[in-house]
Amino acid sequence: MKRRFALVKRGKYSLAERLTESLHLEAEEDGGVRKTVDCNAPKKTVSNKLLRFECIFSCFDSADEDCFSGKLFEMSARLENQSVECRFECRDRQSLLQKRSFSADDAFMLELHEITVSQGISAHNGYYCRVSGLPDMYGASICAEYDSGETVNAFDNQDNFLSKNAQTALVMLFDKYYNKQR
339 MKRRFALVKR GKYSLAERLT ESLHLEAEED GGVRKTVDCN APKKTVSNKL LRFECIFSCF
399 DSADEDCFSG KLFEMSARLE NQSVECRFEC RDRQSLLQKR SFSADDAFML ELHEITVSQG
459 ISAHNGYYCR VSGLPDMYGA SICAEYDSGE TVNAFDNQDN FLSKNAQTAL VMLFDKYYNK
519 QR
């Protein structure tokens, strides 16, 4: 059965909805793959002032036996009036394990930007891969907005494209600032 996706407006829908249901794409049959790479998407940002960051990554299919395996991580940060509103969730296949919301100073966004640079996260900008029929618990997605208008967007609902070091750095940063608030 085919259906059309509606064009969605930024800010009104979740990251997953914006990345998977845009540009009037025809839905594929289950197992169908839609893969695009925007070769013109910049792989580095000029600005270092991050305004918004959203990231989801899954370690459900990880072969590693570590504290990340079997978990789904979702995190976001938004700079508003020199304060950063942060959200972090971690879940396993059955339940929500952690849900944290906290405020941080604008130094958080600078550290977050440094992670995106040092871990090469921006290098994934413009990558989109969607395998129809997969549940919403695999892969990874990134959405970042800078004060210059630059954006970094990447999505894959099958494979987690973030390195283990990038995953660890992101989780540790959110954990560090959450523990500062306690």
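Its first residue numbered 339, the sequence shown is counted upward by one per residue in the numbering used here.
For glycine and all other residues, C-beta sits at the position ideal for the given N, C-alpha and C.
What residue from the options has the CA that sits closest to residue i's CA?
i    : options                   : result
A379 : G464, N495 and Q496       : G464
G477 : Q436, L410, D368 and R390 : L410
S542 : R438, I480 and R390       : Nothing can be reported for residue 542: it is not among the residues displayed for the chain, which extend from 339 to 520.
K382 : H462, L417 and F446       : H462
E483 : R416, P473, S433 and N503 : R416
N503 : C481, F493 and V455       : V455
K514 : I459, C481, I480 and D443 : D443
Check whether the Cβ atoms of residue i and residue j sit closer than 9 Å, and answer yes or no.
i    : j    : result
N498 : Y466 : no
C428 : S439 : no
F406 : Q496 : no
K373 : R468 : yes
M475 : L388 : no
L460 : I394 : The identity of residue 460 in the sequence shown is Ser, whereas the question assumes Leu. For S460 and I394, no; Cβs fall outside 9 Å.
Closer than 7 Å by C-beta to residue i: which residues in its own chain qualify, once you throw out the five before and the five after it? Chain order, please.
i    : result
A507 : I453 and Q457
S501 : Q457
G370 : S470
V384 : S486 and E488
K347 : Model confidence at K347 stands at a pLDDT of 33, short of 50, so the residue's coordinates are unreliable; what they give is reported in the following sentence. If we look at K347 and ignore the five residues flanking it on each side, it has no Cβ neighbours.
Give the range of the alpha helix (DSSP H) segment to which residue i is assigned.
i    : result
F512 : K502 to Q519
I453 : A445 to S456
Is it buried or exposed, residue i, if we count other Cβ atoms within 10 angstroms and call 16 or more buried?
i    : result
L435 : exposed
E418 : exposed
M510 : exposed
L472 : exposed
L361 : Residue confidence is low: L361 scores 40 on pLDDT, short of 50, so the model does not pin down where it sits. No coordinate-derived value is stated.
With a threshold of 8 Å on Cβ separation, who are the neighbours of residue i within its own chain once the five nearest residues in sequence on each side are excluded?
i    : result
Y516 : C424, F426, R438 and F440
Considering just the uninterrupted stretch of the beta strand (DSSP E) at residue i, what are its terminal residues?
i    : result
S479 : A478 to Y484
S421 : S421 to R429
E488 : That residue, E488, is in no beta strand (DSSP E); it is neither H nor E in DSSP.
V469 : Y465 to V469
C393 : L388 to S396
K409 : Looking at the DSSP string, K409 is not in any beta strand (DSSP E), and its letter there is neither H nor E.
K373 : V371 to V375
Tell me which same chain residues have a C-beta within less than 6 Å of the C-beta of residue i, skipping the five on either side of it?
i    : result
C397 : F406, S407 and K409
S414 : E392 and R425
D368 : S470 and G471
N386 : H451
D376 : G464
Mind checking whether the beta-carbon of residue i lies closer than 8 Å to any heavy atom of the ligand SAH?
i    : result
D443 : By its list of ligands, the structure shown contains no ligand whatsoever, and the ligand SAH lies outside what it can speak to.
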